[in-house]
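Participant:
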Amino acid sequence: MDISDVLTRLRDFTDERDWAQFHTPRNLVLALVGEVGELAELVQWRTDDEVRALARTAEGREALSDELADVFTYLVSVADAVGIDLDEAVHAKITKNAAKYPPELSRGSNAKYTELGTRDAQPS
Ligand SMILES: [Mg+2]
1 MDISDVLTRL RDFTDERDWA QFHTPRNLVL ALVGEVGELA ELVQWRTDDE VRALARTAEG
61 REALSDELAD VFTYLVSVAD AVGIDLDEAV HAKITKNAAK YPPELSRGSN AKYTELGTRD
121 AQPS
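Going by UniProt numbering, 63 is the number at position 63 of the sequence shown; the sequence numbering is gapless.
(1) Relative to the C-alpha of Ser65, which candidate in Val78, Gly83 and Ala40 has its C-alpha closest?
(2) Are the CB atoms of Ala35 and Asp70 nearer to each other than 8 Å?
(3) If you measure from the CB of Glu67, is any heavy atom of ligand 1 nearer than 7 Å?
(4) Please determine whether the Cβ atom of Glu38 lies at a distance below 7 Å from any heavy atom of ligand 1.
(5) Since I believe His23 is in contact with Ser109 (beta carbons under 8 Å), could you give me their beta-carbon distance rounded to a whole number of angstroms?
Next comes the structure, spelled out in structure tokens:
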């Protein structure tokens, strides 16, 4: 997926409706949180197996897809509103995480990076 294409479509969508006036960083973060809540609502009170089964139904798959897309589009919009290149940010963070969680210390462990090697590995 090309994030810049998504961003172009989102900007066009917003401009066509004159909604940029509402799309402040704070409002967009709150909208993002709301969409994460809608995604969470789809999985709450269900087991992991039930969530996977939900994703195999047409209706459940559409609902999950819609909320994942809502979360992603608001995430892209927040980054745009504060002038952060999300593609660069994601790659930079993966690089940081790789340094924080070296495979030789973190494989099979759910320990936080500050506790790697200080306690027994827990199955993740
Ligand atoms: Mg939604």
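Where is the CB? At the ideal position from N, CA and C, for every residue including glycine. Predicted model, so just to flag it, every value in this text is computed and none were measured.
Facilitator: For this structure:
(1) Here residue 65 corresponds to residue number 65 of the sequence shown, with the count starting at 1. Out of Val78, Gly83 and Ala40, Ala40 has the C-alpha closest to the C-alpha of Ser65.
(2) For this step, residue 35 is matched to residue 35 along the sequence shown. For this step, residue 70 is matched to residue 70 along the sequence shown. For clarity, residue 35 is Glu in the given sequence; the question names Ala instead. Taking 8 Å as the Cβ cut-off, Glu35 and Asp70 qualify as a contacting pair.
(3) Locating residue 67 in the sequence shown gives position 67, where the first residue counts as 1. Indeed, a heavy atom of ligand 1 lies less than 7 Å from the Cβ.
(4) Taking the sequence shown and counting its residues from 1, one reaches residue 38 at position 38. Glu38 Cβ: within cutoff of ligand 1.
(5) By one-based count along the sequence shown, residue 109 stands at place 109. By one-based count along the sequence shown, residue 23 stands at place 23. Not really, about 41 Å apart at Cβ, beyond 8 Å.
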